[in-house]
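Take a look at the structure below.
2 protein chains.
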Amino acid sequence: MPTLEFWYEYASTYSYLSVMRIEEAARVARVALRWRPFLLGPIFNAQGWDTSPFNLFPEKGAYMWRDMDRLCQARGLPFRPPSPFPQNGLYAARLTLLGAEEGWAPRFSRAVFTAQFAHGLQLANKQALGNSLEALGLDSKALLARIDEPDVKSALKAQTEQAQGLGIFGAPSFVTEDGELFWGDDRLEQALLWAKGEG
Amino acid sequence: MPTLEFWYEYASTYSYLSVMRIEEAARVARVALRWRPFLLGPIFNAQGWDTSPFNLFPEKGAYMWRDMDRLCQARGLPFRPPSPFPQNGLYAARLTLLGAEEGWAPRFSRAVFTAQFAHGLQLANKQALGNSLEALGLDSKALLARIDEPDVKSALKAQTEQAQGLGIFGAPSFVTEDGELFWGDDRLEQALLWAKGEG
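Right, dumping it as structure tokens:
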């Protein structure tokens, strides 16, 4: 079965759209997924940006919020803009790396994205993330105790550097086994076709 | 019949995709079109950019060229990156305003975009634009004589300011009668549905 890498950032609004539908879309397409959370912050910093381009460029930001409203409504997804925006996805991304080892990364990602965009979950709040872990039947105390460990920190750093090395500049992004990069939730179908050699 | 405004810029790669398919898509959807060329330069300048973001942000630029390659191949469109990029769309946009009065704006737009992206037409070259006019059976001498007239200059300026007033920050963009803004060739279908009240 071909594999598609799914690169996403917890603070990213458009990543929410893909997180909520990619597992089903990949199942139908018979493509395996690798869930690869990373941080956009360092990548934006390298472009001279100190926050989201949606904050830096107000017209683009206003459009994004309206676009997300329309798309979430069409897909039956709840959507409330997080405050502040962007949230800090650092802890959630590190936890997801632990989840990738143990097989619960996709479930955790969907739970945290939903909590962020439906219920105002603060991503920087460890206790709130702990609640999301508990709701999935996971040991939040043991997991939260690991998120500041050097190997977990360096694993996320390495993953973000790998994203940069692949030419990734935004989220969500999809990378096929032959290195083809697709950017944006609206490229998911095209990425799945390409992964199967039907692009 | 509902109407959709089609805002595009001659230097814009993704505008090429929409210019080549929007008339047929709108015909099938039973939506009337208003072709509204404008200039992105002043809008980019207002954001502090002195050239295309695809030049300012190299990863984004590299992605765009590859994305355009893939999309044009899938759609059977020729595609060669213009050199230099971006081209200066000023004269082509002014001519299109004259064409809007006389009903040849869509044909002229398709001809000029194709010449730019298939055959390396230099948009700043008045004689080359004249050849495109002649090929459509138009009086290039009379039309080129008008493009530096004050009323033509101010009409394009007003159109660009109107784009800015609508919140437009990129091209192609689509605006419905109720003021809904859609950005990007991949939003064309959604914009047509919205125009019909089915969004």
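Residue numbers (the numbering used here), protein chains in the order written: chain A, 368 to 566; chain B, 368 to 566. Backbone N, C-alpha and C define an ideal beta-carbon position, used for all residues, glycine too.
{"Check": "Can you find at least 3 beta carbon pairs, one from the stretch 424-434 of chain B and one from the stretch 541-549 of chain B, that sit closer than 8 Å?", "Outcome": "no"}
{"Check": "When the cut-off is 9 Å and only beta carbons count, does Phe475 (chain B) lie next to chain A?", "Outcome": "no"}
{"Check": "Counting only beta-carbon atoms, is Arg437 (chain B) nearer than 9 Å to chain A?", "Outcome": "yes"}
{"Check": "Please state whether the Cβ-Cβ distance between Leu400 (chain B) and Thr370 (chain B) is less than 9 Å.", "Outcome": "yes"}
{"Check": "Quick one: give me the first and last residue of the beta strand (DSSP E) that Arg401 (chain B) is part of.", "Outcome": "Ala399 to Pro404"}
{"Check": "Given a cut-off of 9 Å on the beta-carbon distance, is the pair Ala378 (chain A) and Pro445 (chain A) in contact?", "Outcome": "no"}
{"Check": "So, is Met368 (chain B) buried or exposed, given that buried needs 16 or more other C-beta atoms within 10 angstroms?", "Outcome": "exposed"}
{"Check": "What do you reckon, is the C-beta of Glu501 (chain B) under 8 Å from a heavy atom of the ligand SAM?", "Outcome": "With respect to the ligand SAM, the structure offers nothing, as it holds no ligand at all."}
{"Check": "State yes or no: is the C-beta of Phe480 (chain B) within less than 9 Å of the C-beta of Leu503 (chain B)?", "Outcome": "no"}
{"Check": "So which residues of chain B does Tyr430 (chain A) contact, with C-beta pairs closer than 8 Å?", "Outcome": "Gly534, Phe536, Leu548 and Trp550"}
{"Check": "Helix, strand or coil: which one does DSSP assign to Glu372 (chain A)?", "Outcome": "strand"}
{"Check": "In chain order, which alpha helix (DSSP H) runs of at least 4 residues are fully inside the stretch 490-525 of chain B?", "Outcome": "493-502 and 507-511"}
{"Check": "CA-CA distance, Leu447 (chain A) and Ala396 (chain A)?", "Outcome": "It should be pointed out that residue 447 (chain A) corresponds to Arg in this sequence rather than to Leu. Roughly 30 Å between the two C-alpha positions."}
{"Check": "Just to confirm the assignment, what range does the beta strand (DSSP E) spanning Leu548 (chain A) have?", "Outcome": "Leu548 to Trp550"}
{"Check": "Starting from the C-beta of Cys439 (chain A), find all residues in its chain whose C-beta is less than 6 Å away, skip the five residues before and the five after it, and write them out in chain order.", "Outcome": "Phe446"}
{"Check": "Beta-carbon of Gln414 (chain B) versus every beta-carbon of chain A: anything under 9 Å?", "Outcome": "yes"}
{"Check": "Output yes if chain A places a C-beta closer than 9 Å to the C-beta of Phe424 (chain B); else output no.", "Outcome": "yes"}
{"Check": "Quick one: Cα of Leu462 (chain B) to Cα of Gln526 (chain B), how far?", "Outcome": "13 Å"}
{"Check": "Against Asp553 (chain B), what residues of chain A qualify as contacts under a CB-to-CB distance less than 7 Å, listed in chain order?", "Outcome": "Asp553"}
{"Check": "Within 9 Å of any Cβ in chain B, is that where the Cβ of Asp417 (chain A) sits?", "Outcome": "no"}
{"Check": "On the DSSP bridge assignment, give the partners of Ser540 (chain B) in chain order.", "Outcome": "B:Trp374 and B:Trp550"}
{"Check": "Looking at the unbroken alpha helix (DSSP H) that takes in Gln483 (chain B), where does it start and where does it end?", "Outcome": "Ala472 to His486"}
{"Check": "With DSSP as the reference, label Gly564 (chain B) as helix, strand or coil.", "Outcome": "coil"}
{"Check": "Rounded to whole angstroms, what is the Cα-Cα separation between Ala393 (chain A) and Trp402 (chain A)?", "Outcome": "12 Å"}
{"Check": "Identify the continuous alpha helix (DSSP H) that holds Asn422 (chain B) and give its terminal residues.", "Outcome": "Pro420 to Leu423"}
{"Check": "For Leu496 (chain A) and Gly566 (chain A), what's the separation of their Cα atoms in angstroms?", "Outcome": "38 Å"}
{"Check": "For Asp434 (chain A), would you say it is in contact with chain B, using Cβ-to-Cβ distances shorter than 9 Å as the test?", "Outcome": "yes"}
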